[in-house]
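In my numbering, the protein residues as written are 7 to 675. Contents: one structure, followed by commentary.
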RNA sequence: GCGCCCGUAGCUCAGUGGAUAGAGCAUCCGCCUUCUAAGCGGACGGUCGCUGGUUCGAUUCCAGCCGGGCGCGCCA
């Protein structure tokens with residue numbers, strides 16, 4: 007409706023009743039809404055707010071403004087206006103409205119590449135840059151289901167923002183630094199002495215082919231033992247201190263090198279990072295994301311980055327681990343020095359802290375009492391780096407709501423350090439992934455306690471279910487060469503859509519049955535409606551090419567039966583023939599789509615797009631059934647052409663929406 | 001105890017201060033010779049947690065309570 011509202015408001019503003027009441031197009035557009043029942047009208051003007059401004063009773067304004075309404079030409083969008091209490095119910099020239107909507111979609115969605123379907127795009131963000139922190143898993147821990155949230159919510163926001171004209175830099179703030187790595191190194195050396203020996207001997211791959219699960223288990227085992235044993239805890243702290251000293255010496259800091267011990271720890275850490283990334287890559291590829299190490303060193307990508315930065319940042323997110331700010335930029339120590347010099351930081355209980363919210367609230371910790379930097383410093387460094395390097399207008403962090411306090415402190419600290427742009431930092435919080443325990447209660451997931459479900463297992467399970475359903479419902483396709491690609495797209499899409507369809511702040515109670523339920527408001531349902539629309543387009547082309555079909559005029563045959571698949575010039579379709587209430591319902595939803603994308607962008611809320619698609623797909627399916635008898639592509643050639651225009655529009659809006667959410671499309675399923 | 005998030009149908013959730021609060025799942029009843037039934041229609045299902053307040057009007061805004069979740073100084 008949004009793309010119709012301004013045109014309608016302009017028409018109404020020219021009406022004597024509205025003009026006499028001093029209502030301009032802007033004011034009218036703001037108060038247009040859809041009546042609860044279609045028989046009341048196609049659109050309604052609510053008089054509450056304008057009446058208040060004019061010191062009138064809403065009912066009075068409604069009857070005054072509606073009086074003397076005279077429709078313009080027969081092309082005018084508004085056909086009649088009738089006061090109904092505090093509302094003015096409007097009836098539209100649906101044919102004109104339909105034509106308006108379809109033309110808007112057709113001119114912005116040329117071709118078959120969903121990335122070029124620009125309906126719903128805007129130039130709101132032109133020239134602006136958003137740096138968005140997404141996914142950000144910890145090294146040496148496997149990706150579990152809850153990592154899906156940050157990854158896919160972040161990725162969807164990235165794509166939605168890009169559709170609004172923004173340059174969006176996706177940053178994977180890998181948890182690859184911190185005292186935990188001291189425990190891991192100490193554990194590896196304790197339980198697998200040969201690893202320590204290989205590292206000391208200069209082996210660049212001291213861990214062999216150890217899996218991330220094994221690394222995690224080693225960490226967990228050592229962590230548990232060191233709780234009982236202070237010597238082990240001390241060993242962990244030492245290993246990390248040595249690692250940090252080694253890296254700081256590498257970048258020419260003030261600290262002395264840590265010798266062979268430091269080199270060995272560095273090798274273990276680097277290999278841990280490599281092994282972890284290799285495993286993450288597999289998952290990201292599944293989900294359709296691509297990450298590059300930052301800074302970009304390989305020539306091919308560096309060229310793209312230099313020549314076409316927008317393309318580069320659109321196609322790739324970046325790995326910028328926490329260690330980057332320690333190892334490459336030395337930003338951490340400079341921030342600490344700066345904070346001390348400006349008396350923002352102070353010493354407290356042996357640590358260096360910033361009291362961001364007064365003395366009675368826990369402070370933000372810069373340096374711990376063992377001399378190691380805390381992750382807060384690295385987050386400060388990351389924010390400053392992102393703002394400086396990418397000239398970011400906004401910094402967004404897609405991180406779970408349990409870290410809300412951390413980000414409040416972080417942004418406040420940035421402000422205290424003199425960065426006035428801290429007000430442009432946003433924590434895009436999302437709800438926790440909860441698992442049902444044996445006692446029936448729901449609790450936060452824990453990789454350590456083994457209650458988390460591995461992301462890979464979930465995706466595999468979803469793809470497997472899709473394969474089974476495909477084998478039962480579409481055996482021919484299941485046996486074809488496309489089967490695996492389609493099963494992947496539909497299965498992964500099911501998991502992704504399931505995660506994005508609800509408001510991001512809600513906690514998610516993980517439920518296998520719900521994730522693998524492919525009926526109703528599900529990813530496969532969305533894909534299915536998209537596939538149906540494609541089938542109709544193919545059917546239409548066949549019908550036009552069929553010489554026995556005498557009802558189709560000759561020009562149909564030449565015009566539509568050839569050419570690239572699904573690429574049809576439908577301008578001859580007469581929108582006035584779309585007279586079914588189901589068709590009008592769809593046209594309204596199509597018209598609403600751009601506003602949904604814009605709002606999703608503003609509110610960092612992909613579920614708004616997902617909901618718009620659920621509504622559109624539902625209305626489409628209802629229409630599909632309502633046309634069972636006449637068919638969409640039926641006996642009446644001109645009616646069929648008009649309906650095919652609608653099918654084409656639905657397909658492209660659905661397809662665009664799904665790709666905005668980070669899903670891949672399929673033509674059959 | 002303090003702070004933040006949440007509370008809408010049996011379950012999972014939409015709902016931008018406005019007309020009679022909507023979906024999906026589950027249950028029950030119908031609908032496949034046709035462009036894919038991963039579908040469609042219908043039935044059943046609500047003191048919008050409670051109590052006040054603001055407002056012409058509150059599920060929506062405010063306050064207090066109740067219930068659930070998360071966080072609260074050296075994990076990230």
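Glycine included, each C-beta is placed from N, C-alpha and C at the ideal position. Just so it is clear, the structure is predicted and the values come from calculations on it, not from any experiment.
What does DSSP give as the partner residue(s) for residue i in the beta ladder?
i           : result
residue 390 : Its beta-bridge partners do not exist; DSSP assigns none.
residue 96  : 49, 87
residue 137 : 175, 401
residue 449 : 441
residue 150 : 460
residue 39  : 50
What separation, rounded to the nearest whole angstrom, lies between the Cα atoms of residue i and residue j?
i           : j           : result
residue 228 : residue 211 : 21 Å
residue 285 : residue 218 : 8 Å
residue 474 : residue 487 : 16 Å
residue 637 : residue 661 : 23 Å
residue 42  : residue 656 : 24 Å
residue 652 : residue 616 : 20 Å
residue 84  : residue 53  : 17 Å
residue 538 : residue 620 : 15 Å
residue 572 : residue 658 : 11 Å
residue 128 : residue 175 : 18 Å
residue 463 : residue 143 : 17 Å
residue 234 : residue 245 : 18 Å
residue 241 : residue 192 : 6 Å
residue 396 : residue 316 : 12 Å
residue 414 : residue 156 : 18 Å
residue 511 : residue 610 : 11 Å
residue 213 : residue 206 : 12 Å
residue 470 : residue 493 : 8 Å
Per DSSP, what kind of secondary structure is residue i in: helix, strand or coil?
i           : result
residue 298 : strand
residue 16  : helix
residue 432 : strand
residue 177 : strand
residue 675 : coil
residue 487 : coil
residue 558 : coil
residue 400 : strand
residue 476 : helix
residue 142 : coil
residue 170 : coil
residue 583 : helix
residue 439 : strand
residue 283 : helix
residue 416 : helix
residue 406 : strand
residue 63  : coil
residue 515 : strand
residue 216 : coil
residue 307 : helix
residue 189 : helix
residue 621 : helix
residue 531 : helix
residue 184 : coil
residue 76  : coil
residue 494 : helix
Quick one: measure Cβ to Cβ for residue i and residue j, integer angstroms, because I've assumed they're closer than 8 Å.
i           : j           : result
residue 483 : residue 674 : 6 Å
residue 27  : residue 71  : 5 Å
residue 502 : residue 526 : 16 Å between Cβ atoms; not a contact.
residue 387 : residue 331 : 4 Å
residue 111 : residue 596 : 6 Å
residue 152 : residue 439 : 4 Å
residue 231 : residue 171 : Rounded, the Cβ-Cβ distance is 54 Å, inconsistent with contact.
residue 433 : residue 405 : 7 Å
residue 378 : residue 185 : 6 Å
residue 14  : residue 49  : 7 Å
residue 552 : residue 437 : Contact flag wrong, Cβ pair sits at about 53 Å.
Can we count residue i as close to the ligand ATP, meaning its CB is less than 7 Å from some heavy atom?
i          : result
residue 23 : No copy of the ligand ATP occurs in the structure displayed, which carries no ligand at all.
Legend entry - Runs of beta strand (DSSP E) wholly within the stretch 318-397 (minimum 3 residues, chain order): 323-325, 352-354, 357-360, 370-373
Inset, instruction - Just list the alpha helix (DSSP H) runs in the stretch 223-260, keeping only unbroken ones of 4 residues or longer that don't cross its boundaries, in chain order. - result: 236-256
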